[in-house]
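In the working numbering, the protein residues as written are 88 to 306.
The structure under discussion appears below in the form of structure tokens.
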Ligand SMILES: [Mg+2]
């Protein structure tokens, strides 16, 4: 009988350092935006939809851009606690932690919403959401979470952290001229709509786990 236990339970594994985007990569707002659009009476008679569908429909309304900014401010601020962890992400975080792999979150998130009527600190809201979901148990303590003011600053942080992989739902991050070429870009593309680029496309967090942890975890 062969004992097969691919899980390392102690020590750090420094050969893989994975950076993660936050909004729409770890935090799933689809249900929350549907709830907010319904509550605000913006899309009467409209059934369940993704954040992207809701965005497109709200923006098409009279004063739609402002309404969309208002919904975003609510979702990322006072209603943040209703966002969900992206399906499959918990298993990835757990596997990475059990293999001793360093995770870091690098997020382009301003402190204040563009919509003036909401004054909540959006970074605090995100931090509280992560604490409530027990992110510290995955090694994602506050010192391992970086909020940046711009995409350029985010890309610079990814470079500075000397990551081996970065996972993001926005291909613009990987297409940024300063995105470090030695960092493997993993595009989280659950709808499978991205054009090919200098990144690997993954539709699920299980695929992301295979793309990033495949070298240290037997599937
Ligand atoms: Mg994102």
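Backbone N, C-alpha and C fix where the C-beta goes; we use that ideal spot for every residue, glycine too.
* **Euclidean distance between Cα positions of residue 268 and residue 183** => Approximately 23 Å between the Cα atoms of the pair.
* Selected residue, minimal CA-CA separation from residue 223, among 189, 260, 255 and 237 -> Of the candidates 189, 260, 255 and 237, the one whose C-alpha sits nearest the C-alpha of residue 223 is 189.
* So, residue 258 versus residue 281, is the Cβ gap smaller than 8 Å? -> The answer is yes: Cβ separation under 8 Å.
* To do: Count the C-beta pairs between the stretch 167 to 174 and the stretch 104 to 121 that are closer than 8 Å, then say yes if the count reaches three, no if not.
  => With the rule of 3 Cβ pairs closer than 8 Å, the stretch 167 to 174 counts as touching the stretch 104 to 121.
* Between residue 155 and residue 142, what straight-line distance do the alpha-carbon atoms span, to the nearest angstrom? -> Their backbone Cα atoms lie some 7 Å apart in a straight line.
* Check the DSSP bridge columns for residue 104 and list the partner residues they point to. => DSSP lists 189 as partners of residue 104.
* **Same chain, Cβ closer than 6 Å to residue 165, neighbours up to 5 away in sequence not counted** => Non-local beta-carbon contacts of residue 165 in its own chain, meaning distances under 6 Å to residues more than five positions away in sequence, involve 207 in chain order.
* Asked: Under the three-state reduction of DSSP, which class applies to residue 114: helix, strand or coil?
  -> Residue 114: strand per DSSP, three-state reduction.
* Asked: Which same chain residues, not among the five before or five after residue 241, have their C-beta less than 6 Å away from its C-beta?
  -> 193, 195 and 235, listed in sequence order.
* Under a three-way DSSP split, which group does residue 258 fall into? -> Three-state DSSP puts residue 258 in a helix.
* To do: Locate the alpha helix (DSSP H) running through residue 214, then write down its first and last residues.
  => 209 to 219 is the extent of the alpha helix (DSSP H) around residue 214.
* **Given residue 101 as reference, the closest of 187, 233, 276 and 274 once Cα atoms are compared** => Of the listed residues, the one whose Cα sits closest to residue 101 is 187.
* For residue 248, is the beta carbon positioned less than 7 Å from some heavy atom of ligand 1? -> No, the Cβ of residue 248 stays beyond 7 Å of every heavy atom of ligand 1.
* How is residue 270 classed by DSSP in three states: helix, strand or coil? -> In the three-state scheme derived from DSSP, where H, G and I count as helix and E and B as strand, residue 270 is classed as coil.
* Host beta strand (DSSP E) of residue 231 (start-end) -> Unbroken run through residue 231: none, as it is neither H nor E.
* To do: State the Cα-Cα distance for the pair residue 265 and residue 136, rounded to the nearest angstrom.
  => It is roughly 34 Å from the alpha-carbon of residue 265 to the alpha-carbon of residue 136.
* According to DSSP, is residue 252 helix, strand or coil? -> The answer is strand: DSSP assigns residue 252 an E or B state.
* Asked: So is the beta-carbon of residue 107 under 7 Å away from any non-hydrogen atom of ligand 1?
  -> It does not: the Cβ of residue 107 is nowhere closer than 7 Å to a heavy atom of ligand 1.
* **When 211, 237, 244 and 243 are compared against residue 229, the one with the closest alpha-carbon** => Out of 211, 237, 244 and 243, 211 has the C-alpha closest to the C-alpha of residue 229.
* To do: Buried or exposed for residue 283, please, with buried defined as at least 16 other CB atoms from any protein chain shown within 10 angstroms of its CB.
  => Residue 283 is exposed by the Cβ-count criterion.
* Residue of 148, 204 and 232 minimising C-alpha distance to residue 214 -> If we check each option's Cα against that of residue 214, 232 comes out closest.
* Asked: In its own chain, which residues sit with a C-beta less than 6 Å from the C-beta of residue 286, not counting the 5 before and 5 after it?
  -> Within the same chain, residue 286 has close Cβ partners 261, 272 and 274.
* Distance cut-off 7 Å: residue 181 Cβ against heavy atoms of ligand 1 -> Ligand 1 has no heavy atom closer than 7 Å to the beta-carbon of residue 181.
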